[in-house]
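Using this note's numbering, you'd call the opening residue of the sequence shown number 7 and step up by one each time. One structure is given below, encoded as structure tokens.
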Amino acid sequence: MSDKKIVTRFAPSPTGFIHVGNIRTALYAWLWARKNNGQFILRIEDTDKEREVEGSIFHIQKSLKWLGLNWDQGPDIGGLYAPYIQSERLDIYKKYAQILINKGFAYPDPYSEEEVGQFRNKAELEKKPFLYREHRPEKFDIWDETKPLRFKIPEIKNYKWNDIVWGELSAGTEALDDFILIKSDGYPTYNFAHIVDDIEMGVTHVVRGQEFISSTPKFLSVYEAFGITPPLFVTTPPIMGDSGNKKLSKRDGAKDILDYEKEGYLSDAVINYLAFLGFNPGGEKEVYTREELINVFDIKKIQRSGAKWNDDKLNWLNKEHIKLLSKNEIEKSILEYLPKEMQNDIGKKLVPLIFERISKWGDVEDIVTRGELDFFFKKSDYDKGKLIYKNISLEKIKNNLELVIKALEQIKEENFTVENIKNVLMTLADNLESRGEVLHPVRFALSGLDKSPDPFIIAEILGKNETLSRLQKAI
Ligand code: GLU
């Protein structure tokens, strides 16, 4: 590779939210730029005004910001090649169109819609593909910008090109036709605009999805017409749905990337997960920090086969990334996801317990919604019959609970810890026929539930007073 600075870009069209597939492409472009101390450009491709969805540009930037995929040049921060929104660059496309006109590689489309319709019908009747280039006028008119400007493919030939991921690719002449460069509304087509911009902005690596492979011969012929060497193509594999045989689509769960923020995923985990959907540095290690990813990333190790989206894997990875945080950070986040009335001392003591049960912060809210923490904050009503263990009499249970209270009273408040409580309860329980005779009613008296965390843990969190009060109530 020459010592030319690496320049990559993410060039979304503002047609709605960006889903995970697009973001993965952006991530690879970003990683490659960061790894090589290059430039990562954000460019908005808004030349199809009909498909534009209001608010998308803001949404795209917000998504990238959440993921920490910062750009060095872009619509909001400018840069050497500003503006970075295509609709604000129309003069530049016209300038490049003029170069092609001057070279004899572009002509105004002389036909009306009806005439084109007739050509199409004729081709259909003759069972031939319809090609504009077969109707190319002999003499080109002067372009007055009211007609679409078409590209005159310089040479009809088979193209072969190299893709960093796919190796050598090729296409026959049927892939080539005189396509529109600039529409009659004055906007360029994607096919033209992105090439002009990639040339102007010095893009060295075009990272994008597979859907552009079939148009690549057209792109190559434009580069040839300009006499410019094309950038390197890095075509990413598709992301497959859970079942593995279909591309992940919006319909089967390809979500807005910001939904993952709302659900309380860590952006570092999402990035780690996305990076591995179609890339593997080799080895067993799966949990990578952002810096580590930049270090190991290599476009040559992007895989061809589509990787399957798997929520369980993402959740696992998210938990692994939570474990990389400090105790304070974990406590802060868990508390933030608890409702206000639970953000108190008990809430703080619940942190380790909640931590065990979550893979993302949003799970905290689910635990709360299911009422699993309610009993820590208020005494629960329960059917006293539930205190009975197997065929042990109520009298015996009552007696056991009295013993428990007496024993627990001996522990000083400041020593009321899981370890000490466990010690006391187990000593008592071990003297009985079965431990359940003590442990079951205690668990029930404290939580009102058959299934709960260990009674010792509950007791420590509730504190000595509340624990004794609940046991007393049971008696
Ligand atoms: N605007 C195109 C899209 O959103 C970008 C393709 C490219 O990266 O060249 O699909």
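A virtual CB, placed ideally from N, CA and C, is assigned to each residue, including glycine.
Here's the rule: buried if 16 or more other CB atoms are within 10 angstroms of the residue's CB, otherwise exposed. What is residue i?
| i | result |
| --- | --- |
| Gln45 | buried |
| Ser220 | exposed |
| Lys346 | exposed |
| Pro143 | exposed |
| Phe285 | buried |
| Pro135 | exposed |
| Glu466 | buried |
| Ser453 | buried |
| Phe239 | buried |
| Lys163 | exposed |
| Ile148 | exposed |
| Glu30 | Per the sequence presented here, residue 30 reads as Arg, with Glu not at that position. That one is buried. |
| Leu468 | buried |
| Thr295 | exposed |
The ligand GLU and residue i: does the residue's C-beta get closer than 7 Å to at least one heavy atom of that ligand?
| i | result |
| --- | --- |
| Glu6 | There is no way to answer for residue 6, as the model of the chain reaches only from 7 to 481. |
| Pro243 | no |
| His200 | yes |
| Ala260 | no |
| Pro287 | no |
| Tyr229 | no |
| Ser62 | no |
| Arg6 | Coverage of the chain is limited to positions 7 through 481, which leaves residue 6 absent and any answer about it impossible. |
| Pro81 | no |
| Phe23 | no |
| Ser255 | no |
| Tyr196 | yes |
| Pro18 | yes |
| Phe303 | no |
| Phe218 | yes |
I need the straight-line Cα distance from residue i to residue j, nearest angstrom please.
| i | j | result |
| --- | --- | --- |
| Lys486 | Ile98 | No answer is possible for residue 486: the residues shown for the chain start at 7 and end at 481. |
| Gly22 | Ala275 | 24 Å |
| Pro459 | Gln92 | 58 Å |
| Lys325 | Lys291 | 15 Å |
| Ile398 | Lys253 | 60 Å |
| Gln216 | Lys384 | 57 Å |
| Val213 | Phe381 | 53 Å |
| Met207 | Asp169 | 21 Å |
| Tyr193 | Arg40 | 33 Å |
Which residues mark the beginning and the end of the beta strand (DSSP E) in which residue i is found?
| i | result |
| --- | --- |
| Trp167 | Tyr165 to Asp169 |
| Thr14 | Val13 to Phe16 |
Identify the continuous alpha helix (DSSP H) that holds residue i and give its terminal residues.
| i | result |
| --- | --- |
| Ser440 | Note, Ser440: premise wrong, no alpha helix (DSSP H); not H, not E. |
| Tyr323 | Checking the displayed sequence, the identity of residue 323 turns out to be Leu instead of Tyr. Here the alpha helix (DSSP H) through Leu323 covers Asp317 to Lys329. |
| Leu86 | No alpha helix (DSSP H) contains Leu86, which DSSP labels as neither H nor E. |
| Arg476 | Pro461 to Ala480 |
| Phe494 | Given a span of 7 to 481 for the chain in the structure shown, any question on residue 494 remains unanswerable. |
**Request:** Return the chain-ordered ranges of every beta strand (DSSP E) run that is complete within the segment 105-131 and spans a minimum of 3 residues.
**Result:** 112-114
**Contiguous alpha helix (DSSP H) assignments of at least 4 residues, all confined to the segment 174-226** = 196-206
**Item:** Unbroken stretches of the beta strand (DSSP E), 3 residues or longer, contained in the segment 40-82
**Value:** 45-48
**Prompt:** What are the uninterrupted segments assigned as alpha helix (DSSP H) that are 4 or more residues long and contained completely in the segment 238-292, given in chain order?
**Reply:** 263-268 and 273-281
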